[in-house]
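**Student:** Start counting the sequence shown at 448; every next residue gets the next number (our numbering).
The beta-carbon is built from N, C-alpha and C at its ideal position, and this holds for glycine as well.
Take a look at this one; I'll ask things after.
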Amino acid sequence: YPSPAYSPNSDGNEATSPVTAEVWAEHSVWPQDPQFPLALAGGVTTLQILPGSANLIGGRSVVLKNVSSRTVQGMKFPGAPYGLKMACGENPKRVYGSKGRAPSTRMGNVAGYREAWIKAEDYRDKWQRYEEKLAKYNAEKEHEDDKGPPDKPTRDLQLETLAGVLDGRILVHNHCYRADEMAVMIDISHEFGYHIATFEHAVEAYKIADLLKQEGVCASMWADWGRFKLESFDGIEENIALVDHAGACSIVHSDSATGIQRLNQEAGKAMAAGRRMGLDIPEGQAMRWLTLNPATALGIEKDTGSIEAGKMADLVLWDGDPFSVYTKTERVFIDGALVFDRTTGLAPTTDFELGERRVTQ
């Protein structure tokens with residue numbers, strides 16, 4: 448959802464069917480969105496753009512570098528795997544139940560996931576059989592009663608994305624609030640043989656932190672959002688710290704046009720909440736909630752997320768303690784290039800921020 452927030456810009460949810468795995472978030476990205484420079488001023492070098500959470504399966508996500516570009520292709524993080532947005536709980540059953548169609552219950556949600564994955568398995572197997580037959584045909588020097596190579600199956604964009612998940616090429620990022628539902632989604636992933644990279648929001652992740660560690664699933668969480676709807680009523684400020692304390696992968700995320708500008712402060716709040724309850728959280732560990740842990744969840748940890756030789760020089764310099772509300776981003780480097788400098792005023796500017804200019808003679 449770019450700014451300004453008008454209906455012509457509302458491109459986050461393809462809320463026309465419970466399963467819309469065929470859509471790709473990158474085709475809704477507006478490179479001139481003025482929120483990109485604002486995020487850069489807050490020290491954000493890399494972003495994951497996900498479809499909305501109205502659907503059981505909402506489509507592909509895309510990982511972008513926060514650089515100025517005329518096209519979304521110029522922003523795409525080189526080699527980053529695609530993600531798949533899924534959503535459980537209240538959102539899909541509310542959106543489609545209100546339209547008089549399935550799903551309208553949590554059990555309807557689960558039936559919808561399983562139906563989609565069964566179709567994806569059949570599609571994947573069909574293509575595997577075709578590729579095996581084609582390889583055999585190409586390997587034969589002579590073809591008796593040659594009828595030509597095997598017929599190529601018809602592509603299905605929706606099932607193609609889901610098959611990519613089953614093959615491990617596309618990572619699952621699953622909107623989920625309640626602990627019991629996260630456990631159900633893990634059961635479904637076991638049934639169909641895919642891995643969940645992250646649970647998004649994960650308000651009750653602290654209740655199953657040991658399970659998340661066991662499964663190698665990250666939790667991408669708010670610092671202190673809660674009680675804004677029934678699913679979030681058990682949200683606690685110690686959530687991020689407790690998940691981290693259990694040895695699971697904690698991530699501070701935004702899901703907010705204002706929060707993305709202050710992720711360092713969000714991490715500071717989460718660290719302080721953990722320390723108040725007696726957890727010893729080194730600042731270096733809390734910084735991982737913003738750096739290496741999200742890079743790991745996005746499958747780009749070999750390229751960014753920590754300061755190491757051979758990695759991209761995606762660096763942020765602060766003018767003080769990065770967890771302080773008084774601290775500001777001083778300089779931001781992406782791929783080693785200085786792209787933001789508060790001391791000199793270097794910063795990208797969008798057409799929207801420049802505004803209209805009337806030319807008079």
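1) So if DSSP puts S508 in a beta bridge, which residue, or which two residues, is it bridged to?
2) Let's see if you can read the secondary structure: which residues bound the beta strand (DSSP E) around V763?
3) For the region 597 to 645, list the alpha helix (DSSP H) runs that are entirely contained and at least 4 residues long, ordered along the chain.
4) Does the distance from the CB of C696 to the CB of C665 come in under 7 Å?
5) Are F780 and L487 touching if we call contact CB-CB under 7 Å?
6) Are the beta-carbon atoms of P550 and Y560 separated by less than 7 Å?
7) Among E568, G715 and Y653, which residue has its Cα nearest to the Cα of E607?
8) Are the CB atoms of I698 and S667 within a distance shorter than 7 Å?
9) Does the separation of the CB atoms of K775 and D766 fall below 7 Å?
10) According to DSSP, is K523 helix, strand or coil?
11) Looking only at its chain, what residues have a beta carbon closer than 6 Å to the beta carbon of D593, apart from the 5 residues adjacent to it on each side?
12) For the region 468 to 485 against the region 727 to 744, do three or more pairs of beta-carbon atoms, one drawn from each stretch, fall closer than 8 Å, so that the two count as touching?
13) Between the C-alpha atoms of T534 and A688, what's the straight-line distance to the nearest angstrom?
14) Going by CA-CA distance only, name the one from R625, D598, M629 and H637 that's closest to L613.
15) Evaluate contact between the region 496 to 512 and the region 463 to 476, counting only Cβ atoms and requiring at least three cross-stretch pairs below 8 Å.
16) Excluding sequence positions up to five away, which residues of its chain have a Cβ less than 6 Å from the Cβ of T492?
17) Work out the CA separation of Y584 and N460 for me, nearest whole Å.
18) Could you name each continuous alpha helix (DSSP H) segment of 4 residues or more that falls completely within the region 706 to 779, going from the start of the chain to the end?
19) Are the CB atoms of Q708 and V772 nearer to each other than 7 Å?
20) Would you kindly work out how many angstroms separate the C-alpha atoms of T645 and G547, rounded to a whole number?
21) My guess is that Q605 and A468 are in contact by the Cβ rule of under 8 Å, so how many angstroms apart are they, rounded?
22) Compare the C-alpha of G746 against each of A626, D702 and I617 and name the closest.
23) What separation, rounded to the nearest whole angstrom, lies between the Cα atoms of R517 and G489?
24) If you follow the alpha helix (DSSP H) that L494 is part of, which residue opens it and which one closes it?
25) Given a cut-off of 7 Å on the beta-carbon distance, is the pair E685 and A720 in contact?
26) Among I683, E777, L677 and I655, whose alpha-carbon lies nearest the alpha-carbon of A826?
27) For the beta strand (DSSP E) holding D435, just list the boundary residues, first then last.
28) On a CA-only basis, which of K540, A610, A452 and P769 is nearest K573? Give me that one, please.
**Tutor:** Taking the geometry as given:
1) Looking at the DSSP output, S508 shares a beta bridge with G530.
2) Counting along the chain, V763 sits inside the beta strand (DSSP E) bounded by residues L762 to W765.
3) Within the region 597 to 645, the alpha helix (DSSP H) runs of at least 4 residues that lie entirely inside it are, in chain order, 604 to 613 and 626 to 639.
4) Yes, Cβ-Cβ distance for C696 and C665 is below 7 Å.
5) No. Outside cutoff.
6) 7 Å or more divides the Cβ of P550 from the Cβ of Y560.
7) Of the candidates E568, G715 and Y653, the one whose C-alpha sits nearest the C-alpha of E607 is E568.
8) Result yes, Cβ atoms of S667 and I698 sit closer than 7 Å.
9) For K775 and D766, yes; Cβs fall inside 7 Å.
10) The three-state reading of DSSP puts K523 in strand, counting E and B together.
11) Leaving aside the five residues that flank D593 on each side, none in its chain has a CB nearer than 6 Å to its CB.
12) Output reads no: the region 727 to 744 does not touch the region 468 to 485.
13) First, the residue type needs correcting, since residue 534 is Ala and not Thr in the sequence shown. In this structure, the CA atom of A534 is about 24 Å from the CA atom of A688.
14) Its Cα nearest to that of L613, the residue H637 stands out among R625, D598, M629 and H637.
15) Yes, the region 496 to 512 is in contact with the region 463 to 476.
16) The residues are N513, D761 and I781.
17) Cα to Cα, N460 sits roughly 44 Å from Y584.
18) With a minimum length of 4 residues, the continuous alpha helix (DSSP H) runs that stay inside the region 706 to 779 are 710 to 723, 730 to 735 and 739 to 744.
19) Not closer than 7 Å, so no.
20) A direct Cα-to-Cα measurement between T645 and G547 gives close to 31 Å.
21) Q605 to A468, Cβ: 5 Å. Contact.
22) Looking only at A626, D702 and I617, the smallest Cα-Cα distance to G746 is reached by I617.
23) C-alpha separation (whole angstroms): 22 Å.
24) Taken as a continuous stretch (DSSP letters only), L494 belongs to no alpha helix (DSSP H), being part of the beta strand (DSSP E) at T493 to I496.
25) Yes.
26) This structure cannot settle anything about residue 826, because the visible part of the chain is limited to 448 through 808.
27) Any answer about residue 435 is impossible in this case: the structure gives the chain only from 448 up to 808.
28) For K573, the closest of K540, A610, A452 and P769 by C-alpha to C-alpha distance is A610.
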